[in-house]
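Asks:
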Ligand SMILES: Cc1cc2nc3c(=O)[nH]c(=O)nc-3n(C[C@H](O)[C@H](O)[C@H](O)COP(=O)(O)OP(=O)(O)OC[C@H]3O[C@@H](n4cnc5c(N)ncnc54)[C@H](O)[C@@H]3O)c2cc1C
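In the numbering used here, the protein residues as written are 11 to 346.
1) Would you check whether ligand 1 has a heavy atom nearer than 6 Å to the C-beta of residue 25?
2) Tell me which residue opens and which closes the alpha helix (DSSP H) that residue 166 is part of.
3) Quick check: is any heavy atom of ligand 1 less than 6 Å from the C-beta of residue 314?
4) At a cut-off of 6 Å, is residue 347 close to ligand 1 when judged by its beta-carbon and the heavy atoms of the ligand?
5) Ordered along the chain, which non-local residues of its own chain (more than five positions away) have a Cβ less than 7 Å from that of residue 3?
6) Give me, in chain order, the residues of the same chain whose beta-carbon lies closer than 8 Å to that of residue 283; leave out the 5 immediate sequence neighbours on both sides.
7) With H, G and I counted as helix, E and B as strand and the rest as coil, what does DSSP make of residue 307?
8) Could you spell out the range, first to last residue, of the beta strand (DSSP E) harbouring residue 237?
9) Among the candidates 194, 174, 238, 173, whose CA atom is the shortest distance from the CA of residue 183?
10) Cβ-heavy atom distance between residue 48 and ligand 1 below 6 Å?
11) Would the beta-carbon of residue 25 fall within 7 Å of that of residue 48?
12) Decide yes or no for the touch test of the region 146–156 against the region 67–84: beta carbon pairs closer than 8 Å, at least 3 of them.
13) According to the Cβ coordinates, are residue 242 and residue 278 closer than 7 Å?
14) Please give me, in chain order, every unbroken run of the beta strand (DSSP E) with length at least 3 that falls completely inside the region 81–165.
15) For residue 322, which residues of its own chain have a beta-carbon under 6 Å away from its beta-carbon, when the five flanking residues on both sides are left out?
16) Tell me, please, whether the region 136–151 touches the region 84–103 by the rule of three or more beta-carbon pairs shorter than 8 Å.
17) What's the C-alpha gap between residue 122 and residue 90?
See the structure below:
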């Protein structure tokens with residue numbers, strides 16, 4: 011029988027205030043633990059992959075390429091997002107394709123569940139800006155999306171409200187911390203976990219009031235899942251490439267593809283103002299699956315790859331269940 015590692019006086023230190031660490035800190039603080047969340051960057055969080063993310067909460071769409079464990083964690087996480095941040099938009103998401111990608115579109119429909127097929131009129135009723143743009147679309151009504159740059163500060167506020175402490179500008183080393191340590195350093199944890207790699211995702215932020223969308227629109231593309239995500243105040247995020255490289259910035263080729271894709275979703279995007287080019291490194295293990303690694307009182311939560319926003323809440327819940335009750339989830343946890 012596994013011993014639980016909770017002690018009444020055990021502090022819980024969490025390293026990294028990206029989406030993984032933020033959810034860990036929130037659930038542990040709410041459960042009454044003395045939580046300190048250490049983040050080496052500042053409040054802007056520009057060093058975190060989480061800062062650059064689309065923030066789609068799309069367990070059904072992701073099932074096209076991801077393992078069933080991602081759907082399981084994702085579906086549970088949708089409940090936790092609803093519980094903790096009830097204003098999270100759950101407007102669903104749309105998948106569209108141009109005629110030359112017809113076969114890939116049909117394959118996407120076969121590989122995924124919980125969608126409705128819309129004809130052109132149905133699509134226009136849902137998103138009037140897309141009237142006449144596509145013959146049909148897949149609508150996934152249960153999916154949601156968050157704006158990472160707004161939701162991370164909200165989570166940080168909730169951690170403080172639950173009694174946790176957040177230290178920005180705090181670059182810490184796990185072995186120097188007392189009590190339970192939860193390492194959520196993303197790609198920076200490669201100093202200890204050599205098998206971690208960064209998968210570069212590039213994005214572009216544009217602004218226009220010529221197009222209004224209420225939900226993310228994915229465009230079937232032969233190489234990458236490209237999408238347009240509406241933000242507040244007429245902003246749209248165009249994302250995201252998926253490249254096995256760890257450099258920063260956005261290549262001309264990627265920019266052409268992302269901007270071209272947006273232009274084919276709606277020509278009015280051609281007149282939009284470009285506000286920002288950026289990229290982040292998704293932390294991934296060789297199998298692209300998340301892992302909670304347990305070694306004594308040190309726990310590592312990493313490998314969230316392209317699903318950090320989708321699965322971080324459920325990973326935090328599993329970590330808490332382990333610390334409090336010794337509960338092991340064999341699909342996600344590895345004990346040393
Ligand atoms: C372009 C793009 C689009 C994406 N779109 C989506 C999407 O739509 N939906 C989705 O679910 N996921 C998406 N992702 C994936 C998601 O962003 C990642 O899975 C997630 O951000 C990983 O979060 P993390 O907290 O593990 O790492 P990070 O966000 O990188 O956070 C790690 C933090 O640890 C800090 N840190 C490192 N070392 C130390 C130290 N020694 N002391 C203190 N702090 C330290 C870093 O400064 C950083 O802030 C996307 C990613 C990209 C790049």
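Ideal Cβ placement from N, Cα and C applies to all residues, glycine included.
Because the structure is a prediction, the values reported are computed rather than measured.
Replies: Looking at the coordinates:
1) The sequence position of residue 25 within the chain shown is 15, counting from 1. Yes, ligand 1 has a heavy atom inside 6 Å of this Cβ.
2) As a first step, residue 166 must be located in the chain shown, where it is residue number 156. 158–171 is the extent of the alpha helix (DSSP H) around residue 166.
3) Numbered from its first residue, the chain shown carries residue 314 at position 304. Yes, the beta carbon of residue 314 sits closer than 6 Å to at least one heavy atom of ligand 1.
4) The question about residue 347 has no answer here: the residues shown for the chain are numbered 11 through 346.
5) Since the first residue of the chain shown is 11 and the last is 346, residue 3 is not available in this structure.
6) By one-based count along the chain shown, residue 283 stands at place 273. Same-chain partners within the cutoff: 216, 217, 218.
7) Locating residue 307 in the chain shown gives position 297, counting from the first residue. In this structure, residue 307 counts as coil in the three-state DSSP scheme.
8) By one-based count along the chain shown, residue 237 stands at place 227. Residue 237 -> beta strand (DSSP E) spans 236–240.
9) Residue 183 sits at position 173 when you count from the first residue of the chain shown. Considering only alpha carbons, the answer is 194.
10) Locating residue 48 in the chain shown gives position 38, where the first residue counts as 1. Yes - ligand 1 has a heavy atom lying nearer than 6 Å to the Cβ of residue 48.
11) Residue mapping note: residue 25 aligns to position 15 of the chain shown, counting from 1. Residue mapping note: residue 48 aligns to position 38 of the chain shown, counting from 1. Closer than 7 Å, so yes.
12) yes
13) The residue given as residue 242 occupies position 232 in the chain shown. The residue given as residue 278 occupies position 268 in the chain shown. In this structure, residue 278 does not lie closer than 7 Å to residue 242 by Cβ.
14) 103–106, 126–129, 146–150
15) If you number the chain shown from 1, residue 322 lands on position 312. Correct list, in chain order: 29, 30, 33.
16) Taking one beta carbon from each stretch, the region 136–151 and the region 84–103 have 3 or more pairs nearer than 8 Å; the two touch.
17) Residue 122 sits at position 112 when you count from the first residue of the chain shown. Residue 90 sits at position 80 when you count from the first residue of the chain shown. In a straight line, the C-alpha of residue 122 is about 22 Å away from that of residue 90.
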